[in-house]
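The structure appears right after this line, and notes come after that.
Residue numbers (our numbering), protein chains in the order written: chain U, 1 to 71; chain R, 1 to 281.
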């Protein structure tokens, strides 16, 4: 996830680490929206999977997260 | 039915250059329609923000820097950082500008009655704290609150905002003001140093006190632990956050911090609430 993902006009970046940006990317669509509105924030359009310049597939990431067992 | 996305038409009345390098200007806007004005001041309390817009150029959130009693205008202090703020900076008195607001939750000043206040600000984020201080200093409101200590730091004396007002605050017996600049300057006889260190020096007492911190994220990050060390409880420490916004009314989710929206559940949060959220300041 590139640095400009959350960068503000002043130059300050509230999510300076890739881990923070990836967490925001996934949780925003699949966790926070579900908590707040009751529906998934992802419409399943597939544009992100088609356009990703580094071939990351968010479906694989979400699948991996949901298959982890909570200890 | 009200359209929450429709801007209120406003006119720029006065433009004040706040800093010596012209990077910060205050704009006082008046309402073109009287009914918009009464609706606005009925809902407004310090700490809220508005979305200012110029058709064809963009829309961005700005904190309100004036108290309701100051007159039938709304003041915003704008820093020139990008294309939209540059357009605002080139506007002249008499120009039109759109405004959506007041948005956000503002400072919970009704919960703070009877307490002492420690107001800590840095740089251009002082604008909403200025609104808060001016609101409380009004004769109608001052008796509801205890001692007020204001700590305001800027990078240099030329970058300090609201200079005439702050100068008059030194004469007031009902508040204590501490100004600070980052590096020593000739002729400066107040504090020198970064705001977190000045807070350590002033060491305000946490007894029956509320602390409000507004500043660049790096200043907030270092000031909050110092307040905790001084004995302030997390539920008595407040800060105002900012994030990139789009709708500003809690619909699009752009400004989220964890499950909270900065535009709807904020921008004012207590440290107790922040401790539950991811630290993407």
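Backbone N, C-alpha and C define an ideal beta-carbon position, used for all residues, glycine too.
Residue 166 of chain R: which of R:190, R:33, R:183 and R:143 sits nearest, CA to CA? Looking up residue 166 of chain R in the second chain gives position 166. Here the closest residue by C-alpha is R:190.
Please decide whether residue 280 of chain R counts as near chain U, where near means a Cβ-Cβ distance under 8 Å. Locating residue 280 of chain R in the second chain gives position 280, where the first residue counts as 1. Closer than 8 Å: yes.
Measuring CB atoms only, is the stretch 144 to 152 of chain R touching the stretch 109 to 120 of chain R, in the sense that at least three cross pairs come out at less than 8 Å? yes
Give the range of the alpha helix (DSSP H) segment to which residue 23 of chain U is assigned. Mapped onto the first chain, residue 23 of chain U falls at position 23. Note, residue 23 of chain U: alpha helix (DSSP H), 18 to 27.
First and last residue of the uninterrupted alpha helix (DSSP H) at residue 7 of chain U: In the first chain, residue 7 of chain U corresponds to position 7, counting from 1. From DSSP, residue 7 of chain U is part of no alpha helix (DSSP H); its letter is neither H nor E.
Would the stretch 56 to 69 of chain U count as touching the stretch 37 to 48 of chain R if we require 3 or more Cβ pairs under 8 Å? no
For residue 81 of chain R, which residues in chain U fall below 7 Å Cβ to Cβ? Counted from its first residue, the second chain places residue 81 of chain R at position 81. Within 7 Å Cβ-Cβ: 9 and 10.
Residue environment, residue 333 of chain R, which counts as buried when at least 16 other CB atoms sit within 10 Å: Given that chain R is displayed from residue 1 to residue 281, the structure contains no residue 333 of chain R and the question cannot be resolved.
Roughly how many angstroms lie between the CA atoms of residue 23 of chain U and residue 272 of chain R, to the nearest whole one? Position 23 of the first chain, counted from the start, is the residue given in the question as residue 23 of chain U. Position 272 of the second chain, counted from the start, is the residue given in the question as residue 272 of chain R. Rounded to the nearest angstrom, the two C-alpha atoms are 22 Å apart.
Give the interface partners of residue 63 of chain U over in chain R, defined as CB-CB distance under 9 Å, in chain order. As a position in the first chain, residue 63 of chain U is number 63, starting the count at 1. What residue 63 of chain U touches in chain R: nothing, since even the nearest Cβ is about 22 Å away.
Taking beta-carbon pairs under 7 Å, can you tell me which members of the stretch 256 to 275 of chain R lie near chain U? 256, 258 and 259
Go through its chain and collect everything with a Cβ distance to residue 30 of chain R's Cβ below 7 Å, but skip five positions before and after it. Against the second chain, residue 30 of chain R aligns to sequence position 30. Hits under 7 Å: 10, 11, 13, 72 and 73.
Starting from the C-beta of residue 196 of chain R, find all residues in its chain whose C-beta is less than 6 Å away, skip the five residues before and the five after it, and write them out in chain order. The residue labelled residue 196 of chain R in the question sits at position 196 within the second chain. Cβ neighbours of residue 196 of chain R beyond the five flanking positions: 222, 223 and 226.
Please report the distance separating the alpha-carbon of residue 17 of chain R from that of residue 160 of chain R. Position 17 of the second chain, counting from 1, holds the residue named residue 17 of chain R. Position 160 of the second chain, counting from 1, holds the residue named residue 160 of chain R. Their backbone Cα atoms lie some 11 Å apart in a straight line.
Secondary structure of residue 3 of chain U, DSSP reduced to three states: Taking the first residue of the first chain as 1, we reach residue 3 of chain U at position 3. The answer is helix: DSSP assigns residue 3 of chain U an H, G or I state.
With the cut-off set at 8 Å, would you say residue 52 of chain R and residue 124 of chain R are in Cβ contact? In the second chain, counting from the first residue as 1, residue 52 of chain R sits at position 52. In the second chain, counting from the first residue as 1, residue 124 of chain R sits at position 124. Cβ atoms of residue 52 of chain R and residue 124 of chain R: not closer than 8 Å.
Using a C-beta cutoff of 8 Å, does residue 244 of chain R count as contacting chain U? Looking up residue 244 of chain R in the second chain gives position 244. Yes, because at least one Cβ of chain U sits closer than 8 Å to the Cβ of residue 244 of chain R.
Let's test the definition: count the other Cβ atoms within 10 Å of the Cβ of residue 276 of chain R and tell me whether it reaches 16, buried, or not, exposed. As a first step, residue 276 of chain R must be located in the second chain, where it is residue number 276. Per the 10 Å Cβ criterion, exposed.
Kindly give me the distance between the Cβ atoms of residue 212 of chain R and residue 103 of chain R, rounded to whole angstroms, as I take these residues to be in contact under 8 Å. Position 212 of the second chain, counted from the first residue, corresponds to residue 212 of chain R. Position 103 of the second chain, counted from the first residue, corresponds to residue 103 of chain R. Between residue 103 of chain R and residue 212 of chain R the Cβ distance is about 19 Å, and since that is not below 8 Å, they are no contact.
Sequence-distant residues of its chain with Cβ nearer than 7 Å to residue 113 of chain R (five each side left out): In the second chain, counting from the first residue as 1, residue 113 of chain R sits at position 113. Result list for residue 113 of chain R: 144 and 145, in chain order.
Please list, in chain order, the residues of the stretch 32 to 45 of chain U that have any C-beta partner in chain R closer than 9 Å. 32, 33, 35, 36, 37 and 41
Is DSSP giving residue 175 of chain R helix, strand or coil here? By 1-based counting over the second chain, the position of residue 175 of chain R is 175. Coil at residue 175 of chain R, not helix or strand.
Any C-beta of chain R under 8 Å from that of residue 24 of chain U: In the first chain, the residue the question calls residue 24 of chain U occupies position 24. It does; some Cβ of chain R falls within 8 Å.
Below 8 Å between beta carbons: does that hold for residue 162 of chain R and residue 130 of chain R? Translated into positions along the second chain, residue 162 of chain R becomes position 162. Translated into positions along the second chain, residue 130 of chain R becomes position 130. Yes, Cβ-Cβ distance for residue 162 of chain R and residue 130 of chain R is below 8 Å.
CB contact check: residue 122 of chain R to chain U, cutoff 8 Å: The count along the second chain starts at 1 and reaches residue 122 of chain R at position 122. Not closer than 8 Å to any Cβ of chain U, the Cβ of residue 122 of chain R fails to qualify, so no.
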